[in-house]
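Trainee: For reference, the structure I am asking about is given below.
2 protein chains.
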Amino acid sequence: MTVDPRIDLPVPQPNKQHEALVSFWWTSAMLKNVSRRFFRENYSSEAHFNLLATLMKSEGPMTQNELSQKLLVDKSNITGLLDKLESLGQIKRNKVPEDRRSYHITLTDAGRELLAGLDVLYSEMVHKVMDCFTEEQCDQLVSLTRKLRISLIEHAS
Amino acid sequence: MTVDPRIDLPVPQPNKQHEALVSFWWTSAMLKNVSRRFFRENYSSEAHFNLLATLMKSEGPMTQNELSQKLLVDKSNITGLLDKLESLGQIKRNKVPEDRRSYHITLTDAGRELLAGLDVLYSEMVHKVMDCFTEEQCDQLVSLTRKLRISLIEHAS
DNA sequence: AAAAGATAGTTGACAACTAAACTGTTTTAG
DNA sequence: CTAAAACAGTTTAGTTGTCAACTATCTTTT
Numbered sequence: 062m063t064v065d066p067r068i069d070l071p072v073p074q075p076n077k078q079h080e081a082l083v084s085f086w087w088t089s090a091m092l093k094n095v096s097r098r099f100f101r102e103n104y105s106s107e108a109h110f111n112l113l114a115t116l117m118k119s120e121g122p123m124t125q126n127e128l129s130q131k132l133l134v135d136k137s138n139i140t141g142l143l144d145k146l147e148s149l150g151q152i153k154r155n156k157v158p159e160d161r162r163s164y165h166i167t168l169t170d171a172g173r174e175l176l177a178g179l180d181v182l183y184s185e186m187v188h189k190v191m192d193c194f195t196e197e198q199c200d201q202l203v204s205l206t207r208k209l210r211i212s213l214i215e216h217a218s
Numbered sequence: 062m063t064v065d066p067r068i069d070l071p072v073p074q075p076n077k078q079h080e081a082l083v084s085f086w087w088t089s090a091m092l093k094n095v096s097r098r099f100f101r102e103n104y105s106s107e108a109h110f111n112l113l114a115t116l117m118k119s120e121g122p123m124t125q126n127e128l129s130q131k132l133l134v135d136k137s138n139i140t141g142l143l144d145k146l147e148s149l150g151q152i153k154r155n156k157v158p159e160d161r162r163s164y165h166i167t168l169t170d171a172g173r174e175l176l177a178g179l180d181v182l183y184s185e186m187v188h189k190v191m192d193c194f195t196e197e198q199c200d201q202l203v204s205l206t207r208k209l210r211i212s213l214i215e216h217a218s
């Protein structure tokens, strides 16, 4: 029984700041891989789930541009994603009378049902993964990552 | 002067565990975007830099398989990446006498020079982004992300 | 020593994403 | 009021990555 080599960083870092950022990056690569496999097993994808969930939880309809900003992806990506989901009958593009350039995107019943199913599995997964974190640790993680977001926006946007 | 909408999470989360994981995910998406732009401005990419840096810091030569595991990407991805870097004269594939299936990958002088240049800019960037974190906060981030890696390996691999 | 299985790397098909150029529509400024 | 600028969404081309099937080599089992 050996220790998984992915637990510790691939190379030593020159100082604590580097170490913290690389540790974060490294973990996010792992989360990405886990997440890809999880959604793949459930015949979906991270982008798909996030899109449906964002639509579900938004108050009022969203435009593609708003979705693009919320989801931190390029708007051209949203176009393609919505094309697919529309053809699967999970969302609808509704013309906006006040602005003929835009669409209001809404979930169909099929979209809502699919999301409901995925949400159960997703919540189970989150619970399993995060169960070893105390409330205080969760709070710390939220606050540290929020700090990092602010810094990223400030120094690199 | 309004607050950047990317600071706070796109949708409210049902509990602290969800919030922590989503906050982490969200931040990692931002870091990814920042990182892509940073390396693109410097005529490189995250994958490119990570590969060179990993080779540089390894003791002894590495095989493609080892690189693939260190970098958490598929081995076929390493093949393509190395093809490009080899054609740019930044790395060399050296036949391994003891195992004729493998190559030992080494940096060329050109590769080392490029990396040295990138490393300066990268370190500046890390310093700028992480300067608002105290040592203690860096430690916390390292320890929380390490914990998350362990949990991800345990519950989802 | 031979057959079966594992491993290193490559290939090809594909998925997810970006960026830049484009179309059509709306807003703003002279 | 009209020209210029900004904006929403699409298209196209290119990048980065996966996965599965494949070749060649090495290891294990018997």
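Which chain is which? The protein sequence lines are A and B, in order. Mapping of the first sequence onto the working numbering: position 135 corresponds to residue 196, and the numbering continues sequentially without gaps. Mapping of the second sequence onto the working numbering: position 49 corresponds to residue 110, and the numbering continues sequentially without gaps. Where is the CB? At the ideal position from N, CA and C, for every residue including glycine.
Can you give me the start and stop residues for the beta strand (DSSP E) that residue 183 of chain A sits inside?
Mentor: Not the beta strand (DSSP E): residue 183 of chain A falls in the alpha helix (DSSP H), residues 170-191.
Trainee: Going along the chain, which residues of its own chain have a beta-carbon closer than 8 Å to the beta-carbon of residue 134 of chain A, five neighbours each way excluded?
Mentor: Correct list, in chain order: 108.
Trainee: Less than 8 Å separating the Cβ of residue 168 of chain B from some heavy atom of the ligand MG?
Mentor: Ligands are entirely absent from the displayed structure, and the ligand MG is therefore not among its contents.
Trainee: Spatial neighbours of residue 103 of chain B within its chain, please: CB distance less than 7 Å, with the 5 preceding and 5 following residues excluded, ordered by chain position.
Mentor: 179 and 182
Trainee: Can a CB atom of chain A be found closer than 9 Å to the CB of residue 115 of chain B?
Mentor: yes
Trainee: Compare the beta carbon distance of residue 208 of chain B and residue 78 of chain A with 9 Å and say whether it is the shorter of the two.
Mentor: no
Trainee: Applying the criterion that 16 or more other CB atoms from any shown protein chain within 10 Å of the CB defines a buried residue, is residue 172 of chain A buried or exposed?
Mentor: With 16 or more other Cβ atoms within 10 Å, it is buried.
Trainee: Rounded C-beta distance between residue 81 of chain B and residue 110 of chain A? I'm assuming under 8 Å.
Mentor: Between residue 110 of chain A and residue 81 of chain B the Cβ distance is about 18 Å, and since that is not below 8 Å, they are no contact.
Trainee: May I ask you to report which of helix, strand or coil DSSP gives residue 154 of chain A?
Mentor: strand
Trainee: At a CB distance below 8 Å, what residues from the region 195-208 of chain A approach chain B? Give them in sequence order.
Mentor: 196, 198, 199, 200, 201, 202, 203, 205, 206, 207 and 208
Trainee: Would you list, in chain order, the members of the region 136-148 of chain B that have their beta-carbon closer than 7 Å to a beta-carbon of chain A?
Mentor: The region 136-148 of chain B vs chain A, Cβ under 7 Å: nothing.
Trainee: Closer than 8 Å between beta carbons: that is the criterion. Which residues of the region 175-190 of chain B meet it against chain A?
Mentor: Flagged, chain order: 184, 186, 187, 188, 189 and 190.
Trainee: What's the gap between the Cα of residue 204 of chain A and the Cα of residue 92 of chain A?
Mentor: 19 Å
Trainee: Report the neighbours of residue 100 of chain B on chain A: residues whose CB is nearer than 7 Å to its CB, in chain order.
Mentor: Annotation: residue 100 of chain B has no Cβ neighbours in chain A at a cutoff of 7 Å; minimum Cβ distance is about 12 Å.
Trainee: Per DSSP, which one or two residues make a beta bridge with residue 25 of chain A?
Mentor: In the structure as shown, chain A begins at 62 and stops at 218. Residue 25 of chain A is therefore absent and cannot be evaluated.
Trainee: Looking at residue 86 of chain A and residue 89 of chain B, is the spacing between their C-beta atoms short of 9 Å?
Mentor: A contact, by the Cβ cut-off of 9 Å.
Trainee: Round the Cβ separation of residue 99 of chain B and residue 217 of chain A to the nearest angstrom and send it over; I've been treating them as touching at under 8 Å.
Mentor: Contact between residue 99 of chain B and residue 217 of chain A is confirmed by a C-beta separation of about 7 Å, below the 8 Å threshold.
Trainee: What whole-angstrom Cβ distance do residue 114 of chain B and residue 175 of chain B have, given they're in contact under 8 Å?
Mentor: Actually they are not in contact, since the Cβ atoms of residue 114 of chain B and residue 175 of chain B sit about 11 Å apart, beyond 8 Å.
Trainee: Please determine, among B:200, B:112, B:188 and B:76, the residue with the shortest C-alpha to C-alpha distance to residue 145 of chain B.
Mentor: B:112
Trainee: How would you call residue 143 of chain B, buried or exposed, if buried means at least 16 neighbouring beta carbons within 10 angstroms?
Mentor: buried
Trainee: Taking its Cβ as the centre, do 16 or more other Cβ atoms sit within 10 Å of residue 127 of chain A, making it buried, or is it exposed?
Mentor: Its Cβ being crowded by 16 or more others within 10 Å, residue 127 of chain A is buried.
Trainee: So that I know if they touch, is there some Cβ in chain B lying closer than 9 Å to that of residue 159 of chain A?
Mentor: no
Trainee: So which residues of chain A does residue 211 of chain B contact, with C-beta pairs closer than 7 Å?
Mentor: 68
Trainee: Which residues in the same chain as residue 164 of chain A place their Cβ atom closer than 7 Å to its Cβ, once the five residues preceding and following it in sequence are excluded?
Mentor: 124, 125, 154, 155, 156 and 157
Trainee: Under 9 Å, Cβ to Cβ, is there at least one residue of chain B near residue 216 of chain A?
Mentor: yes
Trainee: Is there a Cβ of chain B sitting closer than 9 Å to that of residue 103 of chain A, yes or no?
Mentor: no
Trainee: Below 9 Å between beta carbons: does that hold for residue 132 of chain A and residue 95 of chain B?
Mentor: no
Trainee: Please confirm if residue 131 of chain B has its CB atom under 9 Å from at least one CB of chain A.
Mentor: yes
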